[in-house]
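Student: Residue 109 is where the sequence shown starts when you use the working numbering, and the numbers rise one by one after that.
Where a beta carbon is used, it is the ideal one built from N, C-alpha and C, also for glycine.
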Amino acid sequence: MLVGVERGRWLKADLHIHSIYSEDSSLTIEQIITTCRRQSFDIISITDHNTFEGALKASSYAKNYNDITILIGIEIMTNLGELIVIGDGPFDVSYDAYELIDIAHSMGYLVIAPHPYDIWRKGVRDHIYNLNIDAIEVYNTSSSGKAVEKALNVAKALSKPAIGSSDAHTVRELNTSYTVIHSIDNVINVKTIIDSIKTGKVKPYFRSVSRIFSRLFR
109 MLVGVERGRW LKADLHIHSI YSEDSSLTIE QIITTCRRQS FDIISITDHN TFEGALKASS
169 YAKNYNDITI LIGIEIMTNL GELIVIGDGP FDVSYDAYEL IDIAHSMGYL VIAPHPYDIW
229 RKGVRDHIYN LNIDAIEVYN TSSSGKAVEK ALNVAKALSK PAIGSSDAHT VRELNTSYTV
289 IHSIDNVINV KTIIDSIKTG KVKPYFRSVS RIFSRLFR
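1. Which of the three DSSP states, helix, strand or coil, is assigned to residue 234?
2. On the CB-based measure, 16 or more other CB atoms within 10 Å of its CB, does residue 265 come out buried or exposed?
3. Work out the CA separation of residue 295 and residue 145 for me, nearest whole Å.
4. Excluding sequence positions up to five away, which residues of its chain have a Cβ less than 7 angstroms from the Cβ of residue 66?
5. Would you check if the segment 247-262 and the segment 225-233 touch, i.e. whether three or more CB-CB distances between them fall below 8 angstroms?
6. Any idea what DSSP makes of residue 190, helix, strand or coil?
7. Identify which residue in 180, 285 and 249 has its Cα closest to the Cα of residue 215.
8. Considering only residues of the same chain and omitting the five flanking positions on each side of residue 139, which have a CB-CB separation below 8 angstroms?
9. Exposed or buried, residue 258, counting other C-beta atoms within 10 Å across all chains shown (16 or more means buried)?
10. Grab the span of the alpha helix (DSSP H) containing residue 145 for me, first residue to last.
11. Could you work out which residue in 131, 201 and 150 is closest to residue 174 when comparing CA atoms only?
12. When the distance is taken between beta carbons, is residue 122 closer than 8 angstroms to residue 274?
13. Mapping the DSSP letters down to three states, classify residue 245 as helix, strand or coil.
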């Protein structure tokens, strides 16, 4: 757990991790939780591609521990590019970006634009200016410097909270990029976490290890 000088606590979080329930990830639920606990993460979200299965498995598995909070997440390929939705349970998703955001917000959930300007992945790119998202993923382990710079500039221009995430698909990618979230509430739950993110009480961190090298040494 990270401790800040302000009243409250800084909580270490990774809001974008893929498990074996994403076809392109080799990470088991046990590997993710065991590794993230060892790396002192307070909060993680499993955000598999178009499925809640990994997140639900992780939530069930983590009930054995009281030192890590699991958020239920999903990375959805919408008609305008990928969006992440995070909350406390599954819902009927829409693949229309505007409708998806409306559904998420009606439930009090968090909507993140992941890797919005990465040329190798399907971010929302300049659609971001018209979408009512809550936060922008500015640091992502696999994003280029140019994509990171663009995302940072857009987050600043739109006054959106900037977060960092590993987008891990392998063990070596965990803990490469993450976010610390400031909480003044003694109770850590989905609502307080989402409220802190939406109100900008976050700091993104980047400790990149190239996905190319991580896959070479798996």
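Tutor: The answer reads as follows:
1. Position 126 of the sequence shown, counting from 1, holds the residue named residue 234. The answer is helix: DSSP assigns residue 234 an H, G or I state.
2. What you label residue 265 is simply residue 157 of the sequence shown in a count that begins at 1. Exposure of residue 265 is indicated by the presence of fewer than 16 other C-beta atoms within 10 angstroms of its C-beta.
3. Within the sequence shown, residue 145 is the residue found at index 37, counting from 1. Within the sequence shown, residue 295 is the residue found at index 187, counting from 1. For the pair residue 145 and residue 295, the Cα-to-Cα distance works out to about 19 angstroms.
4. Residue 66 is absent from the model: the chain starts at 109 and stops at 326.
5. With three or more CB-CB distances shorter than 8 angstroms, the segment 225-233 counts as touching the segment 247-262.
6. Translated into the one-based positions of the sequence shown, residue 190 becomes position 82. Three-state result, residue 190: strand.
7. Taking the sequence shown and counting its residues from 1, one reaches residue 215 at position 107. Of the listed residues, the one whose Cα sits closest to residue 215 is 180.
8. Indexing the sequence shown from 1 puts residue 139 at position 31. Apart from the 5 residues on each side of it in sequence, residue 139 sits with its Cβ closer than 8 angstroms to the Cβ of 279 in its chain, given in chain order.
9. For the purposes of this step, residue 258 is identified with residue 150 of the sequence shown, where counting begins at 1. Around the beta-carbon of residue 258, 16 or more other beta-carbon atoms lie within 10 Å, marking it buried.
10. Counting from 1 along the sequence shown, the entry for residue 145 is found at position 37. Going by DSSP, residue 145 is part of the alpha helix (DSSP H) stretching over 137-146.
11. Locating residue 174 in the sequence shown gives position 66, where the first residue counts as 1. Checking every option, the nearest Cα to that of residue 174 belongs to 150.
12. What you label residue 274 is simply residue 166 of the sequence shown in a count that begins at 1. What you label residue 122 is simply residue 14 of the sequence shown in a count that begins at 1. Yes. Within cutoff.
13. If you number the sequence shown from 1, residue 245 lands on position 137. Reduced to three states, the DSSP call for residue 245 is strand.
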